[in-house]
Every structure is written in structure tokens, then in C-alpha cells.
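Protein chains: 2
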Amino acid sequence: MAIKQSTTRAEQALRVLRQQILSGAHPGGTRLFEVALADELDISRTPVRAALAKLAEEGLLDRAKGGGFVVRSFKLADVTDTIELRGVLEGTAARFAAERGARPEDLRRAQQILDEIDAAIWGQNIDMDAYSRLNSAFHTLLVDMAQSDALRREIARVTALPFASPSAFLEDEGEADRLARNVRAAHEQHRAIVEAIALRQGARAEAVAREHARAGLRNVRALTGASPGRPEGARALALLST
Amino acid sequence: MAIKQSTTRAEQALRVLRQQILSGAHPGGTRLFEVALADELDISRTPVRAALAKLAEEGLLDRAKGGGFVVRSFKLADVTDTIELRGVLEGTAARFAAERGARPEDLRRAQQILDEIDAAIWGQNIDMDAYSRLNSAFHTLLVDMAQSDALRREIARVTALPFASPSAFLEDEGEADRLARNVRAAHEQHRAIVEAIALRQGARAEAVAREHARAGLRNVRALTGASPGRPEGARALALLST
DNA sequence: GCTTCGGTTAATGTATACATAGCTCAGCGA
DNA sequence: TCGCTGAGCTATGTATACATTAACCGAAGC
Chain F
0 MAIKQSTTRA EQALRVLRQQ ILSGAHPGGT RLFEVALADE LDISRTPVRA ALAKLAEEGL
60 LDRAKGGGFV VRSFKLADVT DTIELRGVLE GTAARFAAER GARPEDLRRA QQILDEIDAA
120 IWGQNIDMDA YSRLNSAFHT LLVDMAQSDA LRREIARVTA LPFASPSAFL EDEGEADRLA
180 RNVRAAHEQH RAIVEAIALR QGARAEAVAR EHARAGLRNV RALTGASPGR PEGARALALL
240 ST
Chain H
0 MAIKQSTTRA EQALRVLRQQ ILSGAHPGGT RLFEVALADE LDISRTPVRA ALAKLAEEGL
60 LDRAKGGGFV VRSFKLADVT DTIELRGVLE GTAARFAAER GARPEDLRRA QQILDEIDAA
120 IWGQNIDMDA YSRLNSAFHT LLVDMAQSDA LRREIARVTA LPFASPSAFL EDEGEADRLA
180 RNVRAAHEQH RAIVEAIALR QGARAEAVAR EHARAGLRNV RALTGASPGR PEGARALALL
240 ST
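As you go down the protein sequences, you meet chains F and H in turn.
Just so you know, we're using numbering that gives the first Met the number 0 here: the first sequence kicks off at 0 and counts up by one.
Just so you know, we're using numbering that gives the first Met the number 0 here: the second sequence kicks off at 0 and counts up by one.
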């Protein structure tokens, strides 16, 4: 190969294929053929195969029975169940944090994030970029506070799906007033979760974190129920089949 | 290749390597080299690589930063957290079953399994083979009753680890009387879970299923606390690192 | 007409040669 | 002595030729 490249071919293939799948270019149930992809991407079969295996590991592809890979098809029930599942797992993280005791520096950091979110959503206009970033930081910190690698790993797996991440649908909202109401309500839950953890109230922390995830569920219903077709802005639902 | 073989080389490598890891032949943190394994197994690098990727998918290996694979190292906290996590997920399955309503045929099948377990553990001697088989069937049915593919998938992932399966430690028990007590107590929980599902008592079903998983936790403590070294019979804990 | 057999084809499985990157360490110079 | 540098080694990355298998399809026979 003449041209030096910083990334490997397998990583290139992985990025391109992941983006294609997430954008809905390959509908659920589509079988992906190594030769066709290798030809299309101008990469040999070996790294393409490695990329497909990794996408299966991420949960975007299923392994077909006789070998090969199929794009996983997500029904609406899969989306709602996965969001509920994220709530269950984040609830467990919150409970662990409360039961085991959060580190003082983590609690201080949590308070800091809460205050920064307050600043971002205070006033008439909400700084959505800042909120999205801080919201992600909050959920990452929540998992850290649980002090459990096993739990961290499972939460990472579930939230790898685009519609299950804590920040899903934040960019997809249409009406600004509904978005503002949702964001402010969600933030009250953020505060309640941290307070419950600080007070070692495990059951409360779990229940609130669980309910917190259901805010995403409401967004899914709003997006799918409002218009019969798929809203143009709902990037997180692009790979939803039928 | 002259000799016809029913299974592929990759499957052979997968089986052998999985067994080796589960038996503790490669301690946690050990890096697995493709060439060495290929040489040892008399299989070329390509299928060995496929096997390693699949073991990473199963959670037995981690991908190293610069490429390559490392045997995942499990600390005692990972074992206990994973078992607790299984309880959380099976609890969610029980709750889903209760909330959504179990199919009549599933409830009938559950009753049948409960009665068969009664027969197996009734009397002085417990038929452990039968109990192990029926216990697995019960937990499979529980997941079925939840009617959620997303949940089924995550439970399958978590219980793929040898120490997290519902039937882990059933063969590892030393004292027959303690085993009998544990098994009979566990079965009472089986009955309570089914009853709660039938009565649509979601919170009760979740709580009991969660507690049910903690029986496995008690077994881990008994096995690790009793003797300083690793008990010879504790196959499920063979891959636990120091 | 239906079934069954056999060949073709199109996919994945496998082996292997070669490329490349990262590490170690010897050697040299300031 | 320290640090730089480059050679070489060893690992994974990549391309590709070939093997194998399974599914499709058409023709022959019942």
C-alpha cells in the first residue's frame, strides 16, 4: 500500500458501516455480504469481516444461522423495552451508589454538574448543546458512583444503541416549549437522584432513576404517535423497522 | 483438506479456547497470541481470530488497546455484582410477566415445572440432575413469560458467564444438608414468583426474583469464605483471579 | 405433475504470504 | 551518564487464492 494511513482499514469499514446502519441505509433484516461490502468500500474481505464482527458485538448486527451477518431489526417494542431496561440498570447504579456510599469528590462533582445544568436551562432559552453535554456527564458520573465494573459494562452495552442513550431525542424535539418542560422536569429528577444517593436512600434513588429513563419513553411516543410517518428530525429512530 | 469435518475450524477453536479459559488454563490478564494459539491448535490464524472475536463478544476476553485479546480477569466483586445484576434482570422479567400478563399456556407449563421440581426434591435424597435441568427450564420460561426480546438478549449475555447462570454452583456444593436446605428454600421462591405473576403482582414478582438470585450469592460466599484456597469442586469459580 | 438427483453458483471458511506498526535494545554521540 | 536513533523482531493488519458448503435450478425419471 502506497499511502500511509492513521487508521486501520477495519476501523474505516467499522465507522462507515455503523453510520450507514444507524442512518437506516440498510433496513432491518438486510443481509450484509462480505464481497459486496468489500467491493463497495474498496477494502478487502478480511477487515470488512472484522468490522462486521464488531458491529455484531455492538448489537447492531445479528449473526445468521449458517454464517454471515444480518442487520438487526428493531421494532417499537424493542425501543421501549430497551429504554425501560436502561432505567432498570441506571436505577441499580443509583441504588449501588447510595448503598455503598458515593465518594465525596464524586458527590461534589455531581453538585457542580447540577448547578451547571441549572445555568444552562435557566431563563427563556435553553442552551441545548450545553445541556446535552452536561446530561451525558451526569449519567457517566452516576455509573461511576456505583463503583461496579460489571454494571458499567452492561450499561455501556445497552446505551450503545442510539435510541437508548440518555441523550437520545434531545436533538429531535420539535416544539420548543414541550422540550423546555421536559428538560426542566428531567433536571428535577437529576437533583432527586443525587440527594437520595447522598442520604443513602437506595430505594428512592433506584425508583427516581428508573422513572427518569421513562422521560425518554415519552419522547418516543410523542415522535411516533404524532405523525404517521417518521419525523425527519428523529435521527435516533432511523433504524426502526416499519 | 482430506478429512471431512462436520464443524468448522473456527467452531473447534472456539470450543477449545472457551473450555481452556473457563477451566482457568489462561489466568485473567493473560494475552492470547494468534500465532501461538494457531500453532498449538494446528489451525490457521484466520479461524483462530474469528474464535477470539466471538469470545470477546461472549465477555470472556477483552480487546487490548493496540489490537489483540486479553483474558478478562474477574475479581470477587465482579462475580457478586454480576449475580446481583442477574437478579435485577430476572426481577424485571418477572415484573414484565406480571404487568403484561403471562400466556395461559406458559402459566400451565410453569405449574408443571414447579410440580416436577417438587417431585425431584421431595424425600430424603434430592435428584440433583433433575433439579438442575428443571431449574434451568424454569428460568428459561421466566424469561419467555416477560415477552421481551431486548430483555431476553441481555439476560442471555449476563448468564453466559459461568458463575452467573441460574444453575451455577449446583454441582459445587459440598455438604448435602446445606444443599438440600438451599434448594428447598429456592423452590419456595420459585412458587412465589409464579404466584405473583399469575396474580399480576409486579412489584412482588420483581422483589422475589431479585432475592432468588441472591441465593447464588450466598453460595459464592460459602465457597470463597470456607476455605482459604479455591475449593476443588467450584468449577464455576475457576476463572476467578486471586 | 411431482419428486429427486446432480450440477452450477454464490456465499462463507481457510490458509498463507506479505505489510505494517510498535517495542526492545544495541550502538553511538553529546 | 544520558538520550537519541535506527535495526530488527514480533505482533497484528491486509490481501488474496483456494476450499467448502448450501441453496437454487433444471432435467430426468417415476
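The beta carbon of each residue, even a glycine, is placed where N, CA and C say it ideally should be.
Since this is a predicted model, take the numbers as computed values, not measurements.
Identity of the residue in the options nearest residue i by Cα
i	options	result
H/Ala159	H/Val34, H/Glu57, H/Ile42, H/Leu31	H/Glu57
H/Val15	H/Gly27, H/Leu40, H/Gly28, H/His186	H/Leu40
H/Arg165	H/Leu88, H/Asp126, H/Asp114, H/Asn124	Going by the sequence as given, residue 165 of chain H is Pro instead of Arg. That would be H/Leu88, whose Cα lies nearest to the Cα of H/Pro165.
H/Arg107	H/Ala214, H/Ala197, H/Thr45, H/Gln123	H/Ala197
H/Glu170	H/Arg234, H/Leu31, H/Arg180, H/Gly100	H/Arg234
H/Leu216	H/Asn181, H/Asn134, H/Gln18	H/Asn181
F/Ala101	F/Ser22, F/Val47, F/Ile192	F/Ile192
H/Arg94	H/Met144, H/Asp128, H/Gly122	H/Met144
F/Glu104	F/Leu141, F/Gly23, F/Gly86	F/Leu141
F/Arg99	F/Ala202, F/Thr241, F/Asn218, F/Val219	F/Ala202
H/Arg190	H/Asp61, H/Ala109, H/Val34, H/Gln19	H/Ala109
F/Leu113	F/Thr79, F/Gly122, F/Glu194	F/Glu194
H/Ala155	H/Asn218, H/Gly86, H/Arg183, H/Phe168	H/Gly86
H/Leu178	H/Asn218, H/Arg152, H/Gln200	H/Asn218
H/Arg183	H/Ala167, H/Asp117, H/Thr139	H/Asp117
Cβ neighbour criterion (16 or more within 10 Å) applied to residue i
i	result
H/Thr91	buried
F/Ala175	exposed
F/Gly28	exposed
H/Asn124	exposed
F/Ser43	exposed
H/Lys64	exposed
F/Ser147	buried
F/Thr81	buried
H/Arg220	exposed
H/Met0	Only weak support is given to the placement of H/Met0: the predicted model assigns it a pLDDT of 38, under 50, and the value that follows is read from those uncertain coordinates. Exposed, since its Cβ has fewer than 16 Cβ neighbours within 10 Å.
H/Thr79	buried
Whole-number beta carbon distance between residue j and residue i, since they are thought to touch under 8 Å
i	j	result
F/Glu204	F/Ala55	According to the sequence as given, residue 204 of chain F is Ala; it is not Glu. Actually they are not in contact, since the Cβ atoms of F/Ala204 and F/Ala55 sit about 34 Å apart, beyond 8 Å.
H/Ala149	F/Asp126	33 Å between Cβ atoms; not a contact.
F/Leu59	F/Arg71	6 Å
F/Ala206	F/Leu21	Wrong, their Cβ atoms sit about 32 Å apart, outside the cutoff.
H/Gln9	H/Ala50	It is Ala, not Gln, that sits at residue 9 of chain H in the sequence shown. The Cβ separation is near 5 Å, so the contact holds.
F/Phe68	F/Leu31	5 Å
H/Val137	H/Ser240	Correcting the residue type first, residue 137 of chain H is Phe in the shown sequence and not Val. Wrong, their Cβ atoms sit about 31 Å apart, outside the cutoff.
H/Ala52	F/Ala52	5 Å
F/Pro46	F/Thr7	7 Å
Sequence-distant residues of the same chain with beta carbon closer than 6 Å to residue i, five excluded per side
i	result
F/Ala119	Asp126, Ala129, Tyr130
F/Glu115	Leu133
H/Ile2	In this prediction, H/Ile2 has a pLDDT of 36, which is less than 50 and means its spatial position is unreliable; what the coordinates show is noted afterwards. Nothing meets the Cβ criterion.
H/Gln188	Val207, His211
F/Thr223	none
H/Asp61	Val69, Arg71
H/Arg151	Val142
H/Pro161	Leu21, Ala235
F/Ser135	Ser166
Same chain, Cβ closer than 7 Å to residue i, five either side skipped, listed in chain order
i	result
H/Ala185	His211, Ala214
H/Gly122	none
H/Ala35	none
H/Gln200	Ala97
H/Leu75	Thr223, Leu239
H/Ala163	Thr81, Ile82, Arg85, Val157
Own chain, CB closer than 8 Å to residue i, minus 5 neighbours either side, in chain order
i	result
H/Glu153	Leu88
H/Arg48	Glu33
H/Arg17	Leu54, Glu57, Leu59
H/Arg209	Gly86, Val87, Glu89, Gly90
H/Gln19	His25
Runs of alpha helix (DSSP H) wholly within the segment 41-114 of chain H (minimum 4 residues, chain order): Positions of the alpha helix (DSSP H) runs, each at least 4 residues long and wholly inside the segment 41-114 of chain H, are given as 44-57, 75-99 in order along the chain.
Let me know the alpha helix (DSSP H) ranges lying completely inside the segment 137-178 of chain F, each 4 residues or longer, listed in chain order. Entirely contained in the segment 137-178 of chain F, the alpha helix (DSSP H) runs reaching 4 residues are, in chain order, 148-158.
At what residue ranges does the segment 186-225 of chain H contain a whole run of the alpha helix (DSSP H), taking only runs of 4 or more? The segment 186-225 of chain H contains these whole alpha helix (DSSP H) runs: 201-225.
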